[in-house]
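A.B. asks: The sequence shown finishes on residue 692 if you use my numbering, and the numbering steps up by one all the way, no holes. To start, I am sharing the structure in question, which I have written as structure tokens.
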Amino acid sequence: MTVDDLTEYGMERMDDDEIVSFLSTRSFGVLGLSAEETPYLIPMSYGFDGESRLYFGYVVGSQSRKAELSDRADAASFLVYSVETMFHWQSVLATGTLRALPPDETSNATAVEGPMWRPELLETASEADENQYYELQIEEWTGLRHAIEPPSFMQRSSPDRPE
């Protein structure tokens, strides 16, 4: 089934303003990078400039597969989602070009308004190891949501309930 087919069941496409609002109020998603055999997916915190750029802070240390793949990437995807119940969820998929920010541009990433949450473990590690900031220039985005009233107990299908 396509997304358009699923609109009959309550799926909706988000418009640009709704996508901006969603990205502005979240701080965590999954970065997808091309790798040799399978896509490399990694949970990441992010900052959003409110328009068309996402920022990521990597703790790179002496080696970083994430940084290596990011430096080689022609394109990347980033998925941000929120699931409250099986009847209420939303997601945004952003794709675009990823680049390492030179030191004179890192203030773009660190000055972003809004949440840029990072696990405490990474905060501690970033004090001891090298940090590198990356920018995803969003070229395309798609937002979907499903927000319906859950069916009542009697409306739900059950293999135990007689027809």
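Think of the CB as a built atom: it goes at the ideal place given N, C-alpha and C, for glycine as much as any other residue. As the structure is a prediction and not an experimental result, all values here were calculated from the model.
(1) May I have the straight-line CA-CA distance separating Asp534 from Val588, to the nearest angstrom?
(2) Using DSSP bridges, identify the partner residues of Pro572.
(3) Here's the rule: buried if 16 or more other CB atoms are within 10 angstroms of the residue's CB, otherwise exposed. What is Arg555?
(4) Using the DSSP secondary-structure output, state which residues sit across from Phe616 in a beta bridge.
(5) Would Val621 pass as a contact of Gly672 if the rule is Cβ separation under 8 Å?
(6) Flag Val609 as yes when its Cβ comes closer than 7 Å to any non-hydrogen atom of the ligand PLP, and as no otherwise.
(7) On the three-state DSSP scale, how would you describe Ala596?
(8) Around the Cβ of Ala676, are there at least 16 other Cβ atoms within 10 angstroms (buried) or fewer (exposed)?
(9) Would you mind giving the Cβ-Cβ distance between Leu562 and Ala602, rounded to the nearest angstrom? I have them listed as a contact below 8 Å.
(10) Would you check if the distance between the CB atom of Trp670 and the CB atom of Ile571 is smaller than 8 Å?
(11) With burial defined as no fewer than 16 other Cβ atoms inside 10 Å of the residue's Cβ, what is the status of Val609: buried or exposed?
(12) Tell me which residues share the same chain as Thr568 and place their Cβ nearer than 8 Å to its Cβ, disregarding the 5 neighbours each side in the sequence.
(13) So, helix, strand or coil for Thr531, using DSSP?
C.D. replies: Well, looking at it:
(1) 42 Å
(2) Val559
(3) buried
(4) DSSP output for Phe616 lists no bridge partner at all.
(5) yes
(6) The ligand PLP is absent from the structure shown, which contains no ligand whatsoever.
(7) helix
(8) exposed
(9) 5 Å
(10) no
(11) buried
(12) The question names Thr, yet the displayed sequence has Pro at residue 568. Only Gly561 and Leu562 meet the Cβ criterion.
(13) coil
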